[in-house]
Ligand code: BEZ
């Protein structure tokens with residue numbers, strides 16, 4: 003048997019219940035994911051306070067927070083720094099940093115202190131091959147029932163793409179609301195994928211244009227889904 007070179011890392015998988023924890027944050031104590039029931043939540047980690055890539059990411063998330071809120075999604079950050087470090091860093095960002103034209107940005111979403119690394123370890127955010135004492139850039143999408151639906155991981159040097167994070171959130175919600183799948187690079191208004199036909203006859207019906215679908219082959223069927231229909235379901239009025 004091949005010898006394992008790194009220790010096994012426990013982490014939740016897609017479809018698992020989000021592991022529960024209680025923590026102290028910059029916005030008070032939280033009971034996760036219990037207090038987020040009924041909302042989507044993005045739980046994300048960053049390596050360290052007072053670092054440049056993380057600073058650019060926090061400004062970006064803070065600027066987009068309202069957009070996420072309108073899609074019924076709350077943001078929760080984490081690093082293995084302490085509460086006073088978090089508070090000092092967020093104050094410094096607000097007072098001193100400008101990124102892509104955004105300045106005086108106040109981070110209003112909670113940032114978890116995790117000096118013990120308990121939460122980071124619970125979510126597999128410490129990846130020893132990358133760094134033994136800092137969390138990588140993990141992003142967990144957790145649905146209103148507390149189920150992990152998507153996981154993204156980036157190394158320390160690579161700032162995340164926030165358009166993609168928002169796009170993935172809307173695509174997950176569209177899949178739930180309309181029972182469809184979303185093809186490569188999908189955005190609201192693009193055609194959506196209808197699952198492959200279960201039988202030859204329904205495939206033939208589909209290829210004959212039944213049910214408003216267009217099939218190029220039995221395994222490749224799509225239909226229109228207007229942007230307004232998606233947004234009406236996903237965005238809060
Ligand atoms: C940063 O956020 O800039 C960063 C953090 C840890 C390692 C490298 C970069």
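In our numbering, the protein residues as written are 3 to 239.
Using N, Cα and C, we set each Cβ at its ideal position, and we do this for glycine too.
- Within the same chain, and ignoring the five residues on either side of residue 116 in sequence, the residues whose Cβ sits closer than 6 Å to its Cβ are 80, 82, 122.
- Classified as buried, residue 129 has 16 or more neighbouring CB atoms from the shown chains inside 10 Å of its CB.
- Listed in chain order, the alpha helix (DSSP H) runs fully inside the stretch 77-129 are 85-98, 120-124, counting runs of at least 4 residues.
- A straight-line Cα-Cα distance of about 28 Å links residue 147 and residue 49.
- Membership of residue 165 in the alpha helix (DSSP H) is indicated by the continuous run 164-180.
- Non-local beta-carbon contacts of residue 196 in its own chain, meaning distances under 7 Å to residues more than five positions away in sequence, involve 182, 215, 223, 224, 225 in chain order.
- Between residue 57 and residue 113, the C-beta spacing is not below 9 Å.
- Sorted by chain position, residues whose beta-carbon lies closer than 5 Å to a non-hydrogen atom of ligand 1 are 49, 53, 54, 55, 56, 158.
- Within its own chain, the residues whose Cβ lies closer than 6 Å to the Cβ of residue 84, once the five positions on either side in sequence are excluded, are 115, 117, listed in chain order.
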